[in-house]
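Q:
In our numbering, the protein residues as written are 143 to 311.
Rendered as structure tokens:
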């Protein structure tokens, strides 16, 4: 399962000149999609598996550093928005035995999250929540919110929407 991220991203770099010239995405996402991940990536099992594996590969280094370097002793709970397989909540909970770690993502991601985190010694403090950070439901309450690899996918207005939602928690 999974990949290191290069399998997914390598082809997109070939379109960098086009992206810079037009300002349009070089991935599966289109500007006019209401729910781009559900419409472009999550409908196809192979694409979804490649995507979540790539996100784990891209996030592993940051997850390890974050788990060790952030002052977790001052906090009890964290939520990783757009968690994918859950490498960030997994590593934070494994290295900080008092933290309850929540991964929030769309429903199709849950089996991948559960499989990836199931062998963790901290599995009793790692949970998945189904949610859409653009949705109308409130985010799970937490002391710390992680927004890794999500803001770059959206317009300025959408980025500000997510940041406002997090700041109101």
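Ideal placement from N, C-alpha and C gives every residue a C-beta, glycine not left out.
What residues in its chain sit with their C-beta under 8 Å from that of residue 201, if we drop five residues either side in the sequence?
A: Reading the chain shown from its first residue, position 59 is the one you call residue 201. 226, 229, 230, 290, 291.
Q: Here's a check: name, in chain order, each residue in its chain whose Cβ is nearer than 6 Å to the Cβ of residue 184, leaving out the five neighbours to either side.
A: Mapped onto the chain shown, residue 184 falls at position 42. Within the same chain, residue 184 has close Cβ partners 190, 250.
Q: Measuring CA to CA, which of 281, 267, 297 is closest to residue 247?
A: Position 105 of the chain shown, counted from the start, is the residue given in the question as residue 247. When only C-alpha atoms are compared, the closest one is 281.
Q: Across the segment 230-246 and the segment 257-266, are there enough close Cβ pairs to call them in contact, namely three or more that are closer than 8 Å?
A: Contact holds: three or more Cβ-Cβ distances are below 8 Å.
Q: Could you pull the DSSP bridge partners for residue 269 from this structure?
A: Along the chain shown, one-based indexing puts residue 269 at 127. In DSSP, residue 269 forms a bridge with 244.
Q: Give the straight-line distance between the Cα atoms of residue 172 and residue 214, rounded to the nearest whole angstrom.
A: Stepping through the chain shown from its first residue, residue 172 is reached at position 30. Stepping through the chain shown from its first residue, residue 214 is reached at position 72. Residue placement at residue 172 is poorly supported in this model, since its pLDDT is 49, which falls under 50; the coordinates are not used for a value here.
Q: Leaving out five residues on either side along the sequence, give the residues of the same chain with a beta carbon under 7 Å from the beta carbon of residue 206.
A: Taking the first residue of the chain shown as 1, we reach residue 206 at position 64. 233, listed in sequence order.
Q: Under 7 Å Cβ to Cβ from residue 303, same chain only, skipping five residues before and after it: list those, please.
A: Position 161 of the chain shown, counted from the first residue, corresponds to residue 303. Excluding residues within five positions, the ones whose Cβ falls inside 7 Å are 276.
Q: Provide the residue span of the beta strand (DSSP E) that contains residue 221, from first to last.
A: Counted from its first residue, the chain shown places residue 221 at position 79. It spans 219-223 - the beta strand (DSSP E) in which residue 221 sits, taken as one unbroken run.
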